[in-house]
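Chemist:
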Amino acid sequence: LDKPVLTVHQTISDVRGSYYQEKTVFLRCTVNSNPPARFIWKRGTTPIEQSKDTGVDIYEPLYTQQGETKVLKLKNLRPKDFANYTCQVSVRNVCDIPDNSVTFQLTNATTPPALRLSVNETLVVDPGKDVTLWCEVTAGFPKPTVTWSRYPNPLPRNLWENDGTLTLRSVTPTDSGFYNCTAVNNVGNPAKRNVNLIVRSMSNLTFQITPDSNKDSESIQMGRDLKLSCHVDAQPQDKVNYTWYKNAAPIYNSDSLIVLRSDPDMAPGTSSLEIVDMKFRDLATYSCVANFPGSIVPELRVDVNITQSSVTPPILTVPARGQVVNAWEGGIAELVCLVDGKPRPPVLWSRADKDLAMPTGEWAVETRDGRLRLTGVTRDQMGAYRCQTATYNGLNIKPRQAQVQLNVHFAPVLDPVFQDVRSPNYQLVTLRCVIQKSNPARIASVIWVRNGEPLSSLTMDPPENPQLKFKLDPGNNGTYECRVGNGVGTSTCTFNVSSRPYNAEFYYDTPNPIRILKGNNYSYHLQWTQREPQATDRIIGYWVNVRMGQD
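Per this note's numbering, the very first residue in the sequence shown carries number 240; after that it's consecutive.
#1: With distances taken from CA atoms, which of 286, 414, 403 is nearest residue 430?
#2: How long is the line joining the alpha carbons of residue 405 and residue 399, rounded to whole angstroms?
#3: Could you tell me whether the region 633 to 652 touches the region 582 to 593, using the rule of 3 or more Cβ pairs below 8 Å?
#4: Using the Cβ count rule (16 or more neighbours within 10 Å means buried), how would you classify residue 743?
#5: Tell me the DSSP secondary structure of residue 610 in three-state form.
#6: Do you know whose CA, among 295, 423, 411, 373, lies nearest residue 381's CA?
#7: Is the separation between the beta-carbon of residue 451 and that of residue 464 shorter than 8 Å?
#8: Considering only residues of the region 519 to 550, which uninterrupted beta strand (DSSP E) runs meet the minimum length of 3 residues and lie entirely inside it, listed in chain order?
#9: Using the three-state DSSP reduction, which class does residue 286 fall into: helix, strand or coil?
#10: Taking the alpha carbon of residue 687 as the reference point, which residue from 680, 704, 675 has its own alpha carbon closest?
#11: Residues in the same chain with beta-carbon distance under 7 Å from residue 246, minus the five sequence neighbours each way, listed in chain order, please.
#12: Starting from residue 732 and walking both ways along the beta strand (DSSP E), at which residues does that stretch end?
#13: Mind pulling the beta strand (DSSP E) runs of 3 or more residues that sit fully within the region 325 to 362?
#14: Considering only residues of the same chain and omitting the five flanking positions on each side of residue 415, which have a CB-CB separation below 7 Å?
#15: When you compare each of 485, 345, 520, 280 to residue 541 by their alpha carbons, which one comes out closest?
#16: In three-state terms, what does DSSP make of residue 556?
#17: Please state whether the Cβ-Cβ distance between residue 568 and residue 628 is less than 8 Å.
#18: Which residues in the same chain have their Cβ closer than 6 Å to the Cβ of residue 433, if we skip the five residues on either side of it in sequence?
#19: With C-beta atoms as the reference, is residue 388 less than 8 Å away from residue 373?
#20: So residue 481 is in the beta strand (DSSP E); what residue range does that whole segment cover?
#21: Considering only residues of the same chain and omitting the five flanking positions on each side of residue 440, which have a CB-CB separation below 6 Å?
#22: Just verifying my parser: in three-state terms, what is the DSSP assignment at residue 592?
#23: Assuming residue 512 and residue 525 make a contact with CB atoms under 8 Å, what is their CB distance in whole Å?
#24: Going by the beta-carbon positions, is the gap between residue 730 and residue 652 smaller than 8 Å?
#25: Can you give me the Cβ contacts of residue 727 inside the same chain, cut-off strictly under 8 Å, excluding the 5 residues immediately before and after it?
#26: Going by Cα to Cα distance, which pick from 458, 531, 317 is closest to residue 550?
#27: Can you give me the Cβ contacts of residue 249 inside the same chain, cut-off strictly under 6 Å, excluding the 5 residues immediately before and after it?
#28: Given a cut-off of 8 Å, decide if residue 295 and residue 314 are closer than it, judged by their beta-carbon atoms.
#29: Can you tell me whether DSSP reads residue 659 as helix, strand or coil?
#30: Going by CA-CA distance only, name the one from 557, 571, 561 that's closest to residue 577.
#31: What are the start and end residues of each continuous beta strand (DSSP E) run of 3 or more residues lying completely inside the region 487 to 514, in chain order?
#32: Of the choices 682, 723, 681, 663, whose alpha-carbon is the least far from that of residue 709?
#33: So, at 8 Å on beta carbons, what are the nonlocal neighbours of residue 347 in its own chain, with the 5 sequence-adjacent residues on each side left out?
#34: On the three-state DSSP scale, how would you describe residue 618?
#35: Span of the beta strand (DSSP E) holding residue 674?
#36: Between 508, 308, 707, 591, which has its C-alpha nearest residue 481's C-alpha?
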């Protein structure tokens, strides 16, 4: 029997225009219990009887989210209705569980909570700053309790919370998120306010070189257009300022150079520089600088050298003998795709099966040199991997692709791992060890062992279907092992072979006697069951031990 929870709700409905208002209050009591609880409502110390008070209704709602619920409805509040109300719950002393109760004081000042925030709904700050979020309670009686939470992550550890005030010390980008302030006093609905805290951050500045897309070009050519794009991962993304330079001199819009603050043809937050009808004078070093104006966050810069010889399409190749990589389970594997080009773009790795994620859990992994190193490889990682050139930090053209096959060797998987085998003596016993899967599939060895000693004298079936057949006698009971190896490792099927029968399992329909005879004589009905009696010696006798009680 849990402690009940009591909440209060009020409705105000107009009747006949504005002549008078009817105020109705609902006291809702909910509890979890087993067995079901009995509810008693009290005003002060006096139980409320619906049949004797026309101003109240007590009922069970049609729908409840959890537990059992009883509602006390106070119709058109009267002066005597302003009192202390107690919801008492009971399971009628089952298992000596005592009653439980909760009390609420209803007054003419009872109101639901209301909140006001000290900051805007979106708050942007620099890293390293202290942030204070104050949630002021503007209404509510009884006095509401204020709590803070964060979505989607829990509250950070570097905080101080007191009476609705939340202070974060030396914030970092990981402290960003939605902070939720909630006030509860069990009257009406909880009051909630949210703050989206954004700690400025900037990383991973990339560039793209896009030849004249109208001509399907993959190289820089005089007399054609060329676009340079720049993108940085930042929070907040829309507050990033991009500045373009040509040979260290700021670029201003002209007929031949056009700066796009936000390029609609690129990812959101991307700035581009369009070079129209490229001339020899446009061969230069271009720089893109990203920053937050007035912020302490360091600016990021990338330089791109544009000449006819400094920009060439990428070439992606797989080394000889590198198309299939073999590795042992638990070991290390390195998949290699060589990339060449100016500038040399990163290489993105993914599974050829688009429904499979990379071992890291990501859908794609970036490598600077085209080498993907996997540690602790498992058989689930076996399959084809796709490598392709990225469209950033290089030419923004159709990616070059290749595939590498990863083959993971592992020891045989056997069934059963352990089996208890019972059989009468002098009967034929067959032990089967099924090879479910193995890589390599070829089985190198199969060895049968009894009680630690190899059984070299017994005839065995071919390794692809290991079986052992023998006649059981008192001298060859014991533990049998089938050890199967494939050159990578050895796995074992273990059989505990015995002629000993399974223990009988007694059960009783009732602990009380089925008949009481004359004197102190009682009649009981004993029953037992035995597992697999046809496979072992049946139980044919039993003993009954009687222990006299103290009384």
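We put the beta carbon where it would ideally sit given N, CA and C, even for glycine.
Modeler: So, from the listed chains and residues:
#1: 403
#2: 6 Å
#3: yes
#4: With fewer than 16 other Cβ atoms from the protein chains shown falling within 10 Å of its own Cβ, residue 743 counts as exposed.
#5: strand
#6: Ranking 295, 423, 411, 373 by Cα distance to residue 381 puts 423 first.
#7: Yes, these two residues count as a Cβ contact at 8 Å.
#8: 523 to 530, 539 to 545
#9: strand
#10: 704
#11: Here residue 246 has 267, 425 as same chain residues with Cβ atoms under 7 Å from its own Cβ, once five neighbours each way along the sequence are excluded.
#12: 729 to 737
#13: 339 to 344, 350 to 356
#14: 436, 437, 438, 474
#15: Comparing Cα-Cα distances from residue 541 to each of 485, 345, 520, 280, the minimum goes to 485.
#16: strand
#17: no
#18: 417, 419
#19: no
#20: 480 to 485
#21: 412, 474
#22: coil
#23: 7 Å
#24: yes
#25: Only residues of its own chain outside the window of five on either side were considered, and among them 567, 568, 648, 649, 650, 678, 679 have a CB closer than 8 Å to the CB of residue 727, listed in chain order.
#26: Residue 458 holds the alpha-carbon nearest to the alpha-carbon of residue 550 among 458, 531, 317.
#27: 264
#28: yes
#29: strand
#30: 557
#31: 496 to 499, 509 to 514
#32: 663
#33: 321
#34: Reduced to three states, the DSSP call for residue 618 is helix.
#35: 673 to 678
#36: 508
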